[in-house]
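Trainee: At position 197 of the sequence shown the residue is numbered 206 (the working numbering), and the sequence of numbers has no breaks. No residue lacks a Cβ here, since even glycine has one placed at the ideal position from N, Cα and C.
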Amino acid sequence: MVLRRTKTVFEWIDEAATLGVDGLELHTGFLWETGDDYVTKVGEAIAAAGFAMPMMCASPDFTHPDADVRARELDAQATFMRITAAVGGPGATCRVLSGQAHPGVAVEQGLEWAGDAIRSLLPLAAELGIVLAVENHYKASTWKYPEFAQRPEVFRALVDSIPDRVHFGVQFDPSNAITAGVDSAEFLETVVDRVVTMQASDRHLVNGATLDALRLADGTIGYSPDLAHGVVGQGLNDYDRIFAILTAHGYDGWISIEDGVNGTDELRASVDFLKAARERWFGGSTAVRVDSHERAKAAAAAG
Numbered sequence: 010m011v012l013r014r015t016k017t018v019f020e021w022i023d024e025a026a027t028l029g030v031d032g033l034e035l036h037t038g039f040l041w042e043t044g045d046d047y048v049t050k051v052g053e054a055i056a057a058a059g060f061a062m063p064m065m066c067a068s069p070d071f072t073h074p075d076a077d078v079r080a081r082e083l084d085a086q087a088t089f090m091r092i093t094a095a096v097g098g099p100g101a102t103c104r105v106l107s108g109q110a111h112p113g114v115a116v117e118q119g120l121e122w123a124g125d126a127i128r129s130l131l132p133l134a135a136e137l138g139i140v141l142a143v144e145n146h147y148k149a150s151t152w153k154y155p156e157f158a159q160r161p162e163v164f165r166a167l168v169d170s171i172p173d174r175v176h177f178g179v180q181f182d183p184s185n186a187i188t189a190g191v192d193s194a195e196f197l198e199t200v201v202d203r204v205v206t207m208q209a210s211d212r213h214l215v216n217g218a219t220l221d222a223l224r225l226a227d228g229t230i231g232y233s234p235d236l237a238h239g240v241v242g243q244g245l246n247d248y249d250r251i252f253a254i255l256t257a258h259g260y261d262g263w264i265s266i267e268d269g270v271n272g273t274d275e276l277r278a279s280v281d282f283l284k285a286a287r288e289r290w291f292g293g294s295t296a297v298r299v300d301s302h303e304r305a306k307a308a309a310a311a312g
């Protein structure tokens with residue numbers, strides 16, 4: 010998430026170049042402008058650093074009860090899709106979300122609004138040659154309410170309502186599955202046939218907390234204070250199970266490392282973990298990217 014701007018995207022690109030990774034994921038909050046000249050400069054800086062730009066993290070709110078707000082969110086998402094294509098090129102992915110769980114918006118209504126919005130963007134995705142990826146998310150940094158489709162059954166209903174498998178898929182975040190009160194590998198099994206990209210994050214329980222107590226929340230807790238960020242591979246996610254599921258289904262997309270909350274040293278440790286994992290699970294065929302979404306992150310691509 011982008012809570013405040015402390016450096017330009019160009020400074021972030023320079024910093025990411027020291028991590029020994031292969032790609033840079035962007036967040037819309039990192040773009041101080043959206044004009045063509047600025048976007049071109051960002052793309053040139055990423056290319057000059059030797060990176061691919063495989064993912065733009067956007068956070069539309071398609072479940073807002075005000076139709077005018079939903080229309081503006083749709084226009085903004087289209088803008089970021091065009092920027093994704095301009096910077097990332099064909100095959101790049103632009104994240105999409107359902108929206109916030111606004112009080113008074115029924116599940117059926119929210120599913121209709123979010124599904125209609127995403128389906129209406131698919132012709133543009135096809136024109137641009139990019140992919141929309143809906144994430145099992147918790148809450149964008151500027152949102153008042155958690156993700157509308159946080160609960161696995163609602164998320165799956167949204168995904169199932171959009172049959173396109175060329176320009177639409179799922180961005181899987183295992184830690185967000187845990188914060189929704191479910192086992193991340195078990196959740197992956199339910200969506201792996203639609204996964205087009207993944208964010209590898211990890212959480213650990215703070216002293217005194219238990220996973221059983223966490224899951225009593227039944228998918229409503231979001232980012233519990235009982236869960237803390239940490240090095241990928243050292244938390245609650247069983248990455249052996251996760252990577253086994255992905256490879257069994259022939260997954261060949263990007264895998265982002267979401268880390269850096271506690272400093273660059275932990276981020277580098279997460280990069281090292283993913284590099285070792287790619288040798289074991291993907292035969293060394295993956296590449297590593299840095300993800301600027303949600304604090305500082307690094308990422309890897311399978312294929």
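By a C-beta neighbour count over all protein chains shown, 10 Å radius and 16 as the cutoff for buried, is residue 6 buried or exposed?
Mentor: Outside the modelled stretch of the chain, which goes from 10 to 312, sits residue 6, for which no answer is possible.
Trainee: Taking buried to mean at least 16 other C-beta atoms within 10 Å of its own C-beta, is residue 113 buried or exposed?
Mentor: exposed
Trainee: Under the rule that 16 or more other beta-carbon atoms within 10 Å means buried, what is residue 202, buried or exposed?
Mentor: exposed
Trainee: For residue 68, which residues of its own chain have a beta-carbon under 6 Å away from its beta-carbon, when the five flanking residues on both sides are left out?
Mentor: 106, 149
Trainee: Could you spell out where the alpha helix (DSSP H) holding residue 55 opens and where it closes?
Mentor: 45-57
Trainee: Please classify residue 106: does DSSP put it in a helix, a strand, or coil?
Mentor: coil
Trainee: Starting from the C-beta of residue 58, find all residues in its chain whose C-beta is less than 6 Å away, skip the five residues before and the five after it, and write them out in chain order.
Mentor: 22, 26
Trainee: Less than 7 Å separating the beta-carbons of residue 108 and residue 164?
Mentor: no
Trainee: Between the Cα of residue 110 and the Cα atoms of 160, 291, 195, which residue gives the shortest distance?
Mentor: 160
Trainee: Pull up the distance between the alpha-carbon of residue 79 and that of residue 73, whole angstroms please.
Mentor: 6 Å
Trainee: Would you check if the distance between the CB atom of residue 194 and the CB atom of residue 247 is smaller than 7 Å?
Mentor: yes
Trainee: Does the separation of the CB atoms of residue 38 and residue 62 fall below 7 Å?
Mentor: no
Trainee: Is the Cβ-Cβ distance between residue 199 and residue 263 less than 7 Å?
Mentor: no
Trainee: Taking DSSP as the reference, what is the three-state secondary structure of residue 252?
Mentor: helix
Trainee: Between residue 245 and residue 187, is the Cβ-Cβ spacing less than 7 Å?
Mentor: yes
Trainee: By the three-class DSSP mapping on this structure, what secondary structure does residue 262 have?
Mentor: DSSP places residue 262 in coil when its eight states are reduced to three.
Trainee: Measure the alpha-carbon distance for residue 42 versus residue 19 and round it to whole angstroms.
Mentor: If you take the alpha carbons of residue 42 and residue 19, they lie about 13 Å apart.
Trainee: Less than 8 Å between C-beta atoms, sequence neighbours within five positions excluded: which residues of the same chain meet that for residue 17?
Mentor: Closer than 8 Å at Cβ, skipping near neighbours: 41.
Trainee: Could you tell me the alpha carbon to alpha carbon distance between residue 123 and residue 196, rounded to whole angstroms?
Mentor: 21 Å
Trainee: Residue 26 by DSSP, collapsed to three states: which one?
Mentor: coil
Trainee: Among 171, 95, 119, 259, whose alpha-carbon lies nearest the alpha-carbon of residue 49?
Mentor: Nearest option by C-alpha distance: 95.
Trainee: Just the Cα atoms here: how many angstroms apart are residue 46 and residue 133?
Mentor: Roughly 22 Å between the two C-alpha positions.
Trainee: When DSSP labels each residue in this structure, what does residue 304 get in the three-state scheme?
Mentor: Only weak support is given to the placement of residue 304: the predicted model assigns it a pLDDT of 37, under 50, and the value that follows is read from those uncertain coordinates. In this structure, residue 304 counts as coil in the three-state DSSP scheme.
Trainee: Relative to the C-alpha of residue 167, which candidate in 128, 279, 234 has its C-alpha closest?
Mentor: 128
Trainee: Threshold first: 3 residues or longer. Then list the beta strand (DSSP E) segments lying entirely within the segment 69-128, N to C.
Mentor: 102-105
Trainee: Cα separation between residue 28 and residue 214?
Mentor: 28 Å
Trainee: Taking 6 Å as the limit between beta carbons, can you name the residues of its chain near residue 119, skipping five residues before and five after?
Mentor: 72, 157
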